[in-house]
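Student:
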Amino acid sequence: MRILLIEDDSATAKNLELLLKSEGFICDTTDLGEDGLEIGKLYEYDLIILDLLLPDMDGFEVVRRLRAAHIKTPILVLSGLSQTEDKVKGLGSGADDYLTKPFSKNELVARVHAIIRRSHGHSNSIINTGRLSINLQNRTATVDGMTLNLTGKEYAIIELLSLRKGTTLTKEMFLNHLYGGMDEPELKIIDVFICKLRRKIADATAGDGYIETVWGRGYVLREPIEEGLAESLPHGLTERLANGDISLPATPARPQSSEPISFIASPDF
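Numbering (full-length UniProt numbering), first residue to last: 1 to 269.
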(Lines of atoms letter the chains of each structure in order from A and count residues from 1; the text may use other names and numbers.)
(Lines give C-alpha, C1' and ligand atoms only; values in the text may rest on other atoms or scores of the structure.)
Protein backbone atom coordinates (compact mmCIF):
# COMPACT_ATOMS: atom_id res chain seq x y z
CA MET A 1 0.00 0.00 0.00
CA ARG A 2 1.20 3.51 -0.82
CA ILE A 3 1.14 6.58 1.42
CA LEU A 4 1.88 10.25 0.71
CA LEU A 5 3.41 12.06 3.70
CA ILE A 6 3.24 15.87 3.72
CA GLU A 7 5.43 17.02 6.64
CA ASP A 8 7.86 19.95 6.78
CA ASP A 9 9.88 18.87 9.83
CA SER A 10 12.68 16.75 8.36
CA ALA A 11 13.32 14.69 11.52
CA THR A 12 9.63 13.88 11.96
CA ALA A 13 9.26 13.07 8.27
CA LYS A 14 12.26 10.72 8.33
CA ASN A 15 11.05 8.90 11.44
CA LEU A 16 7.56 8.50 10.01
CA GLU A 17 8.92 7.31 6.67
CA LEU A 18 11.05 4.65 8.38
CA LEU A 19 8.12 3.57 10.56
CA LEU A 20 5.74 3.24 7.63
CA LYS A 21 8.27 1.38 5.50
CA SER A 22 8.93 -1.03 8.37
CA GLU A 23 5.20 -1.79 8.28
CA GLY A 24 5.37 -2.64 4.58
CA PHE A 25 4.09 0.65 3.14
CA ILE A 26 5.57 2.53 0.21
CA CYS A 27 5.99 6.12 1.42
CA ASP A 28 6.47 9.25 -0.70
CA THR A 29 7.32 12.47 1.14
CA THR A 30 7.20 16.21 0.52
CA ASP A 31 7.61 19.20 2.82
CA LEU A 32 5.37 21.62 0.89
CA GLY A 33 1.60 21.79 0.70
CA GLU A 34 1.59 22.87 -2.94
CA ASP A 35 3.74 19.89 -3.93
CA GLY A 36 1.52 17.61 -1.88
CA LEU A 37 -1.52 18.90 -3.76
CA GLU A 38 0.01 18.21 -7.15
CA ILE A 39 1.37 14.78 -6.20
CA GLY A 40 -1.93 13.81 -4.56
CA LYS A 41 -3.78 14.69 -7.76
CA LEU A 42 -1.35 12.93 -10.10
CA TYR A 43 -0.89 9.61 -8.32
CA GLU A 44 -3.19 7.16 -6.60
CA TYR A 45 -2.51 6.69 -2.88
CA ASP A 46 -4.12 4.55 -0.20
CA LEU A 47 -3.66 7.36 2.35
CA ILE A 48 -2.36 10.92 2.70
CA ILE A 49 -0.78 11.86 6.05
CA LEU A 50 -0.72 15.63 6.47
CA ASP A 51 0.79 18.11 8.91
CA LEU A 52 -1.18 21.35 9.28
CA LEU A 53 1.66 23.82 9.87
CA LEU A 54 3.38 23.86 6.49
CA PRO A 55 5.78 26.60 5.31
CA ASP A 56 3.93 27.54 2.12
CA MET A 57 0.25 27.06 2.92
CA ASP A 58 -2.23 26.09 5.60
CA GLY A 59 -2.80 22.34 5.94
CA PHE A 60 -6.55 22.95 6.18
CA GLU A 61 -6.33 24.53 2.72
CA VAL A 62 -4.54 21.45 1.38
CA VAL A 63 -7.42 19.27 2.57
CA ARG A 64 -10.07 21.61 1.14
CA ARG A 65 -8.38 21.85 -2.26
CA LEU A 66 -7.87 18.10 -2.53
CA ARG A 67 -11.53 17.51 -1.82
CA ALA A 68 -12.54 20.32 -4.20
CA ALA A 69 -10.54 18.50 -6.89
CA HIS A 70 -12.61 15.36 -6.13
CA ILE A 71 -9.63 13.49 -4.71
CA LYS A 72 -11.18 10.82 -2.50
CA THR A 73 -7.94 9.51 -0.99
CA PRO A 74 -8.33 9.21 2.82
CA ILE A 75 -6.51 11.92 4.77
CA LEU A 76 -5.03 11.57 8.26
CA VAL A 77 -4.04 14.85 9.90
CA LEU A 78 -1.03 14.79 12.25
CA SER A 79 -0.71 18.05 14.15
CA GLY A 80 0.46 19.70 17.32
CA LEU A 81 -2.78 21.72 17.28
CA SER A 82 -4.75 19.89 19.95
CA GLN A 83 -7.69 22.23 20.55
CA THR A 84 -11.15 20.86 19.87
CA GLU A 85 -11.87 23.61 17.36
CA ASP A 86 -8.78 22.61 15.34
CA LYS A 87 -9.93 18.98 15.22
CA VAL A 88 -13.43 20.02 14.21
CA LYS A 89 -12.03 22.30 11.50
CA GLY A 90 -9.75 19.57 10.13
CA LEU A 91 -12.48 16.95 10.00
CA GLY A 92 -14.93 19.49 8.63
CA SER A 93 -12.51 20.37 5.84
CA GLY A 94 -12.58 16.77 4.63
CA ALA A 95 -9.98 14.87 6.67
CA ASP A 96 -10.89 11.34 7.71
CA ASP A 97 -9.02 11.29 11.02
CA TYR A 98 -7.04 13.64 13.27
CA LEU A 99 -4.17 12.59 15.54
CA THR A 100 -2.37 15.06 17.79
CA LYS A 101 1.38 15.18 18.41
CA PRO A 102 3.07 13.62 20.29
CA PHE A 103 1.51 10.26 19.47
CA SER A 104 2.19 6.58 19.99
CA LYS A 105 3.74 4.82 17.01
CA ASN A 106 1.48 1.83 17.62
CA GLU A 107 -1.59 4.05 17.62
CA LEU A 108 -0.54 5.72 14.38
CA VAL A 109 0.00 2.38 12.64
CA ALA A 110 -3.34 1.08 13.95
CA ARG A 111 -5.15 4.17 12.67
CA VAL A 112 -3.43 3.94 9.28
CA HIS A 113 -4.54 0.33 8.86
CA ALA A 114 -8.08 1.13 10.03
CA ILE A 115 -8.50 4.12 7.70
CA ILE A 116 -7.24 2.23 4.64
CA ARG A 117 -9.36 -0.79 5.52
CA ARG A 118 -12.53 1.27 5.87
CA SER A 119 -11.83 3.20 2.68
CA HIS A 120 -12.00 -0.09 0.78
CA GLY A 121 -15.20 -1.15 2.53
CA HIS A 122 -13.72 -3.63 5.03
CA SER A 123 -14.72 -3.42 8.69
CA ASN A 124 -11.99 -5.67 10.10
CA SER A 125 -8.39 -6.57 9.34
CA ILE A 126 -9.10 -10.02 7.87
CA ILE A 127 -10.42 -10.33 4.31
CA ASN A 128 -11.75 -13.75 3.33
CA THR A 129 -12.10 -14.99 -0.23
CA GLY A 130 -13.28 -18.57 -0.23
CA ARG A 131 -10.70 -20.53 1.76
CA LEU A 132 -8.10 -17.76 1.40
CA SER A 133 -7.68 -15.26 4.25
CA ILE A 134 -5.58 -12.08 4.19
CA ASN A 135 -4.66 -10.52 7.54
CA LEU A 136 -3.90 -6.87 6.82
CA GLN A 137 -2.61 -6.24 10.34
CA ASN A 138 -0.15 -9.14 10.44
CA ARG A 139 0.53 -9.06 6.68
CA THR A 140 -0.07 -12.80 6.32
CA ALA A 141 -2.00 -14.98 3.88
CA THR A 142 -3.50 -18.31 4.94
CA VAL A 143 -5.56 -21.09 3.39
CA ASP A 144 -7.72 -23.00 5.87
CA GLY A 145 -5.55 -21.54 8.63
CA MET A 146 -2.26 -22.69 7.08
CA THR A 147 0.18 -19.87 6.27
CA LEU A 148 1.23 -19.38 2.66
CA ASN A 149 4.95 -18.77 2.19
CA LEU A 150 4.81 -15.60 0.08
CA THR A 151 7.51 -13.15 -0.89
CA GLY A 152 7.00 -9.47 -0.09
CA LYS A 153 5.93 -8.70 -3.66
CA GLU A 154 3.54 -11.67 -3.78
CA TYR A 155 1.90 -10.60 -0.53
CA ALA A 156 1.59 -7.00 -1.75
CA ILE A 157 -0.20 -8.24 -4.87
CA ILE A 158 -2.68 -10.48 -3.04
CA GLU A 159 -3.25 -7.71 -0.48
CA LEU A 160 -4.14 -5.21 -3.21
CA LEU A 161 -6.36 -7.74 -4.98
CA SER A 162 -8.13 -8.51 -1.69
CA LEU A 163 -8.69 -4.86 -0.80
CA ARG A 164 -10.24 -4.33 -4.23
CA LYS A 165 -11.88 -7.71 -4.60
CA GLY A 166 -14.15 -7.89 -7.63
CA THR A 167 -12.38 -4.96 -9.32
CA THR A 168 -10.14 -5.51 -12.32
CA LEU A 169 -6.64 -4.11 -11.70
CA THR A 170 -4.27 -3.27 -14.54
CA LYS A 171 -0.61 -4.24 -14.62
CA GLU A 172 0.26 -0.55 -14.37
CA MET A 173 -1.65 -0.36 -11.08
CA PHE A 174 0.32 -3.30 -9.71
CA LEU A 175 3.63 -1.72 -10.75
CA ASN A 176 2.65 1.55 -9.10
CA HIS A 177 1.63 -0.31 -5.95
CA LEU A 178 4.82 -2.38 -5.79
CA TYR A 179 7.45 0.14 -6.86
CA GLY A 180 5.89 3.58 -6.38
CA GLY A 181 7.27 4.89 -9.67
CA MET A 182 10.87 4.13 -8.68
CA ASP A 183 12.98 1.85 -10.93
CA GLU A 184 9.92 0.08 -12.27
CA PRO A 185 10.64 -3.09 -14.29
CA GLU A 186 8.73 -4.10 -17.42
CA LEU A 187 5.02 -4.90 -17.20
CA LYS A 188 5.60 -8.59 -17.84
CA ILE A 189 7.09 -8.97 -14.34
CA ILE A 190 3.51 -8.75 -13.03
CA ASP A 191 2.59 -11.84 -15.05
CA VAL A 192 5.50 -13.66 -13.41
CA PHE A 193 4.41 -12.64 -9.90
CA ILE A 194 0.79 -13.60 -10.60
CA CYS A 195 1.84 -16.98 -12.01
CA LYS A 196 3.88 -17.83 -8.90
CA LEU A 197 1.13 -16.57 -6.60
CA ARG A 198 -1.52 -18.63 -8.38
CA ARG A 199 0.64 -21.74 -8.13
CA LYS A 200 1.10 -21.33 -4.37
CA ILE A 201 -2.62 -20.78 -3.82
CA ALA A 202 -3.54 -23.72 -6.07
CA ASP A 203 -1.10 -26.01 -4.24
CA ALA A 204 -2.68 -25.05 -0.90
CA THR A 205 -6.28 -25.39 -2.10
CA ALA A 206 -5.85 -28.52 -4.23
CA GLY A 207 -6.50 -26.57 -7.40
CA ASP A 208 -9.05 -23.92 -6.43
CA GLY A 209 -8.52 -20.67 -8.32
CA TYR A 210 -9.15 -17.14 -7.10
CA ILE A 211 -7.16 -14.81 -9.36
CA GLU A 212 -8.72 -14.47 -12.79
CA THR A 213 -7.20 -12.99 -15.93
CA VAL A 214 -9.33 -10.34 -17.62
CA TRP A 215 -7.86 -10.43 -21.10
CA GLY A 216 -6.56 -7.08 -22.30
CA ARG A 217 -7.32 -5.44 -18.95
CA GLY A 218 -5.55 -7.10 -16.02
CA TYR A 219 -6.37 -9.35 -13.08
CA VAL A 220 -9.22 -9.65 -10.59
CA LEU A 221 -9.79 -11.57 -7.35
CA ARG A 222 -13.22 -13.18 -7.10
CA GLU A 223 -15.10 -15.45 -4.75
CA PRO A 224 -14.99 -19.03 -6.07
CA ILE A 225 -18.12 -20.21 -7.86
CA GLU A 226 -20.07 -22.78 -5.87
CA GLU A 227 -19.61 -26.36 -6.98
CA GLY A 228 -22.05 -27.16 -9.75
CA LEU A 229 -23.05 -23.54 -10.32
CA ALA A 230 -20.71 -23.00 -13.29
CA GLU A 231 -22.29 -25.93 -15.12
CA SER A 232 -25.74 -24.41 -14.64
CA LEU A 233 -24.83 -21.06 -16.21
CA PRO A 234 -26.52 -20.25 -19.54
CA HIS A 235 -24.35 -20.58 -22.65
CA GLY A 236 -21.75 -17.80 -22.87
CA LEU A 237 -22.15 -16.48 -19.31
CA THR A 238 -19.17 -18.41 -17.96
CA GLU A 239 -16.87 -16.65 -20.44
CA ARG A 240 -18.39 -13.24 -19.69
CA LEU A 241 -17.95 -13.90 -15.99
CA ALA A 242 -14.26 -14.72 -16.51
CA ASN A 243 -13.80 -11.57 -18.60
CA GLY A 244 -15.26 -9.41 -15.83
CA ASP A 245 -18.30 -8.31 -17.86
CA ILE A 246 -20.63 -9.64 -15.16
CA SER A 247 -20.16 -10.66 -11.54
CA LEU A 248 -21.77 -12.97 -9.06
CA PRO A 249 -22.76 -12.00 -5.52
CA ALA A 250 -20.10 -12.79 -2.90
CA THR A 251 -22.30 -15.66 -1.63
CA PRO A 252 -24.70 -16.80 -4.34
CA ALA A 253 -28.23 -16.82 -3.04
CA ARG A 254 -30.01 -20.17 -2.96
CA PRO A 255 -33.41 -19.76 -4.60
CA GLN A 256 -36.40 -20.64 -2.47
CA SER A 257 -38.43 -21.64 -5.50
CA SER A 258 -37.82 -23.13 -8.90
CA GLU A 259 -37.15 -19.71 -10.42
CA PRO A 260 -33.69 -19.30 -12.03
CA ILE A 261 -30.83 -17.66 -10.15
CA SER A 262 -30.42 -13.95 -10.90
CA PHE A 263 -27.05 -12.47 -11.75
CA ILE A 264 -25.74 -8.97 -11.08
CA ALA A 265 -24.77 -7.30 -14.34
CA SER A 266 -22.40 -4.41 -14.85
CA PRO A 267 -23.83 -1.29 -16.58
CA ASP A 268 -22.53 -2.39 -19.99
CA PHE A 269 -24.19 -5.82 -19.80
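All residues carry an ideal CB built from backbone N, CA and C; glycine is no exception.
Less than 9 Å between the C-beta atoms of Lys-165 and Thr-129, yes or no?
Tutor: Mapped onto the sequence shown, residue 165 falls at position 165. Mapped onto the sequence shown, residue 129 falls at position 129. For Lys-165 and Thr-129, yes; Cβs fall inside 9 Å.
Student: Taking the beta carbon of Leu-42 as the centre, do at least 16 other beta carbons fall within 10 Å, making it buried, or is it exposed?
Tutor: Counted from its first residue, the sequence shown places residue 42 at position 42. Leu-42 is exposed by the Cβ-count criterion.
Student: Count the C-beta pairs between the region 109-120 and the region 90-100 that are closer than 8 Å, then say yes if the count reaches three, no if not.
Tutor: They touch, by the three-pair rule.
Student: Output the boundary residues of the beta strand (DSSP E) element that contains Thr-140.
Tutor: In the sequence shown, the residue the question calls residue 140 occupies position 140. Note, Thr-140: beta strand (DSSP E), 140-143.
Student: Go ahead and label Gly-228 buried or exposed: buried means 16 or more other beta carbons lie within 10 angstroms of its beta carbon, across all protein chains shown.
Tutor: Position 228 of the sequence shown, counting from 1, holds the residue named residue 228. Any reading at Gly-228 needs caution, since the residue's pLDDT is 47, under 50, leaving its predicted position unreliable; the model's value is listed next. Exposed: under 16 other Cβ atoms inside 10 Å.
Student: Note down, in chain order, each residue of its chain lying with its Cβ closer than 7 Å to the Cβ of Thr-30, except the 5 sequence neighbours on either side.
Tutor: Translated into positions along the sequence shown, residue 30 becomes position 30. Once the five neighbours on either side are set aside, the close Cβ partners of Thr-30 are Ile-6, Gly-36 and Ile-39.
Student: Using a 10 Å radius around the Cβ and a threshold of 16 neighbouring Cβ atoms, would you call Ser-162 buried or exposed?
Tutor: Position 162 of the sequence shown, counting from 1, holds the residue named residue 162. Buried: at least 16 other Cβ atoms inside 10 Å.
Student: Could you please give the first and the last residue of the uninterrupted alpha helix (DSSP H) stretch that includes Thr-205?
Tutor: Locating residue 205 in the sequence shown gives position 205, where the first residue counts as 1. First-last of the alpha helix (DSSP H) with Thr-205: 188-205.
Student: Would you mind working out which of Leu-221, Arg-2, Leu-52 and Ala-141 sits nearest Gly-33, comparing C-alpha positions?
Tutor: To locate residue 33, count along the sequence shown from 1; it is residue 33. Comparing Cα positions, the closest option is Leu-52.
Student: Would you tell me roughly how many angstroms separate the C-alpha atoms of Asn-176 and Thr-170, rounded to the nearest one?
Tutor: Numbered from 1 along the sequence shown, position 176 holds the residue referred to as residue 176. Numbered from 1 along the sequence shown, position 170 holds the residue referred to as residue 170. Using only the alpha carbons, I get a separation of about 10 Å.
Student: Would DSSP call Leu-50 helix, strand or coil?
Tutor: Position 50 of the sequence shown, counted from the start, is the residue given in the question as residue 50. Correct three-state label for Leu-50: strand.
Student: Within the continuous alpha helix (DSSP H) that includes Ser-104, where are the two ends?
Tutor: What you label residue 104 is simply residue 104 of the sequence shown in a count that begins at 1. Segment: none, Ser-104 is in no alpha helix (DSSP H) and carries neither H nor E.
Student: Within the same chain, show all residues whose beta-carbon is closer than 6 Å to that of Val-109, passing over the 5 residues directly before and after it, in chain order.
Tutor: Taking the first residue of the sequence shown as 1, we reach residue 109 at position 109. For Val-109, where only same-chain residues beyond five positions count, the Cβ hits under 6 Å are Glu-23.
Student: Can you tell me whether DSSP reads Ser-119 as helix, strand or coil?
Tutor: Translated into positions along the sequence shown, residue 119 becomes position 119. In this structure, Ser-119 counts as helix in the three-state DSSP scheme.
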